[in-house]
Amino acid sequence: MNRSGKAVIIEAVKARADKASFAVITDFKGMTVEELTNLRVSLRNAGGEYLVVKNTLARIALTDGTHNAIKDKFHDNCGVAFGFDDPVAVAKALSDFAKQSKLFELRCASLDGKAMDAAQIDALAKLPGREQLLGQLLGTMNAVPTNFVSLFANVVRGLLYALKGIEDQKSNAA
2 MNRSGKAVII
12 EAVKARADKA
22 SFAVITDFKG
32 MTVEELTNLR
42 VSLRNAGGEY
52 LVVKNTLARI
62 ALTDGTHNAI
72 KDKFHDNCGV
82 AFGFDDPVAV
92 AKALSDFAKQ
102 SKLFELRCAS
112 LDGKAMDAAQ
122 IDALAKLPGR
132 EQLLGQLLGT
142 MNAVPTNFVS
152 LFANVVRGLL
162 YALKGIEDQK
172 SNAA
């Protein structure tokens, strides 16, 4: 491959890496094309992308970018997965695939520039997804006004019971 071809690849990887909030380096040695295709499909559904690039070109592309923390981890047969929208969904897709395939391993990752190891990627994969977290937040935010209204309704209800009791006493006395 000539120098201009390498420059094109470096720019393409750099552009994807700069757009991605999450980058994971994986080991895929011995996997078939069909298995890698299945991985790419599951990552695409999760809002991610999987690339196999020469290690030297990947190192150059990640240098001085968001994912500079993991640039030195490229060695042997490795690929890089980028997550653009939801890092939890991409981590879940990669973790699930790693459980299914004995040849696929998660090495390390970078989440918004912070380096992570394989155990931290698995911990991220166990978190609830973005939609579920937003639902929990909405439920919590909705609980405060609901409880506030219930509290004042109980105060008014107590006052009404007291007034009703006074009315009953006066009607029985009369």
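2 is the number of the first residue of the sequence shown in my numbering; add one for each residue after it. Idealized CB from N, CA, C, for every residue including glycine. Source: prediction; values computed, not measured.
{"Item": "N-terminal and C-terminal residue of the alpha helix (DSSP H) that A163 is part of", "Value": "R131 to A174"}
{"Item": "Proximal residues to V89 (C-beta, below 8 Å), its chain only, five neighbours per side dropped", "Value": "L125, A126, L128, P129, G130 and R131"}
{"Item": "Close Cβ partners of G48 (< 7 Å) along its chain, the five nearest in sequence each way excluded", "Value": "G84, F85, D86, D87, A90 and V91"}
{"Item": "Assumed close pair N69, L63 - CB separation to whole angstroms, cut-off 8 Å", "Value": "6 Å"}
{"Item": "Segment contact, 8 Å Cβ cut-off, at least three pairs: the segment 134-145 with the segment 94-106", "Value": "no"}
{"Item": "For N39 and D28, the rounded distance between their alpha carbons", "Value": "15 Å"}
{"Item": "C-beta contact flag for V81 and A116 at 8 Å", "Value": "no"}
{"Item": "Helix, strand or coil at L107 [DSSP, three-state]", "Value": "strand"}
{"Item": "CB contact flag (L112, S22, <8 Å)", "Value": "yes"}
{"Item": "Residues bridged to V25 (per DSSP)", "Value": "A82 and A110"}
{"Item": "Neighbourhood of K72 by C-beta, 6 Å cutoff - its chain only, sequence neighbours within 5 removed", "Value": "R60, L63 and T64"}
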